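One structure is given here, and the rest of the page talks about it.
In full-length UniProt numbering, the protein residues as written are 1 to 500.
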């Protein structure tokens, strides 16, 4: 047992701000009597006056301390043991502090070396991850490499799996469906939570989940197959926000395409995508051009306000979506082989030596070895130097993209449906929408920025002409127009166009 004991005879503690001087005393378990333990545990008052303490320290000699110790031998021994105990404890504390600071610096720069070692280990791990993502194969004696997504590597290593589930009332499938429901509700906040739960647990719907082993759901797709009509509707598609940089979304879509094509007669996917999901679905082979006959799907799928209907037509079954990266590289290799058979473009010729002897030499292109053989002509040279796009093209592309992604753009994304609004084209003689503007821009129909701005204003004016001021459409037109003008004003080069 360790007690605190005040000491007036200590020469080491003379701090001006200290009001007490305490000393640790260790009680010897072999003490002969209880009385001796009581003596050791008592506290003696110390004069808090600094000068008084100094006098005690100056007047008391080691000989006097020794005489006093001899008068009470056991007490003296206990004090010495207590002092030794305090020193030992201080040494232990000092060692612990040194141990804690060892990683920072031990006086010889070892702390910095350890930091460098950790950085080297991190770099080595990153290099190892990079190597894992590179796959190689040989075609016609030539080695080709391509990068695989982290999700593909994780599946190969058994860290994740792609599992098809439905509500068959088994415990594990219900756990997976509940995990999917939670992710959909979090990632799709505008969708009613009860609606999401109802469709996920609906037995006419199937889901494919991305599961990190043992049983953590990180994303998935819920869809409803209409096998007799050869299409399926993707109802929900989401990946957890913390997992969206590992390629799970693309890998999941490839998995579900291969699965649906192999297990059913489905040849088309249909889905309604919001503005934020259109880009993702385009990358997965979806398009806004619906070639599937309306009579096949109309009335079978849910029509979402503000969503854009998109379609994906399946590739022939001999092509496996999960091998698409390798297949594309094989196609490239086959084309390069054919090109080499018909041209000498792959032949590397020695550099022109004429420029080494003189710098002021003019050389005609047709005199350069191999240039004429490659199919070069003066007309081709002139065409290649001609700019492919107008000077305003890049600005118009970025501006139109921002307009299409704006929350108020949904009423103007596609042409007005004549079947839904019968008299629209009787009232509006010059209709316009954002998708038409996109098509015109891609086909170089806008020779000037004035023409682009005219079509944009036409959208807003048509909307205000047909709809009442109190309607959502009218208000959205005003919001989108204001957004457009603000974006143009941010660019001084185009701000003057608003006054024309």
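Backbone N, C-alpha and C fix where the C-beta goes; we use that ideal spot for every residue, glycine too.
Predicted model only: the values in this text are computed from it and were never measured.
Take the alpha-carbon of residue 391 and the one of residue 385: they are about 15 Å apart. For residue 286, the secondary structure class from DSSP, reduced to helix, strand or coil, is coil.
Excluding residues up to 5 positions away in sequence, 339 and 374 lie with their Cβ nearer than 7 Å to the Cβ of residue 345 in the same chain.
Straight-line measurement puts the Cα of residue 283 at about 37 Å from the Cα of residue 465. Residues 254, 257 and 258 of the same chain have their beta carbon placed closer than 7 Å to that of residue 321, with the five preceding and five following residues left out of the count. Residue state for residue 407 is assigned as coil, using DSSP reduced to three classes. Collapsing the DSSP output to three states places residue 311 in a strand.
Excluding its 5 nearest sequence neighbours in each direction, residue 167 has C-beta neighbours in its own chain below 6 Å: 201 and 203, listed in chain order. Beta-carbon to beta-carbon, residue 341 and residue 268 are separated by about 38 Å, too far to satisfy the 8 Å threshold.
Here the C-alpha atom of residue 199 lies approximately 15 Å from the C-alpha atom of residue 164.
Look at the beta carbons and you see the segment 417-431 not touching the segment 303-319: under three pairs across the two are nearer than 8 Å.
Distance from residue 434 to residue 452 at the Cβ level is roughly 12 Å; contact not present, criterion being Cβ atoms closer than 8 Å. Here the segment 208-222 lies against the segment 173-184, with 3 or more beta-carbon pairs under 8 Å apart. By the Cβ-count criterion, residue 370 is exposed, with fewer than 16 other Cβ atoms from all chains shown falling within 10 Å of its own Cβ. Comparing alpha-carbon positions, the option among 329, 389, 188 and 227 lying closest to residue 142 turns out to be 329.
DSSP places residue 231 inside the beta strand (DSSP E), whose first and last residues are 231-239.
Our two residues, residue 188 and residue 304, have alpha carbons roughly 13 Å apart in a direct line. In the structure shown, the three-state DSSP call for residue 270 is strand. Under a 10 Å Cβ-count criterion, residue 263 is classified as exposed, with fewer than 16 other Cβ atoms of the shown protein chains found around its own Cβ. Taking a 10 Å sphere around the C-beta of residue 381, we find fewer than 16 other C-beta atoms and assign the residue as exposed. Counted as a single uninterrupted DSSP element, the beta strand (DSSP E) harbouring residue 163 occupies residues 160-165. In this model, residue 151 and residue 244 are separated by some 10 Å (Cα to Cα). Setting aside the 5 residues that flank it on each side, residue 440 is surrounded in the same chain by 446 and 455, each with a C-beta closer than 8 Å to its C-beta; the list follows chain order.
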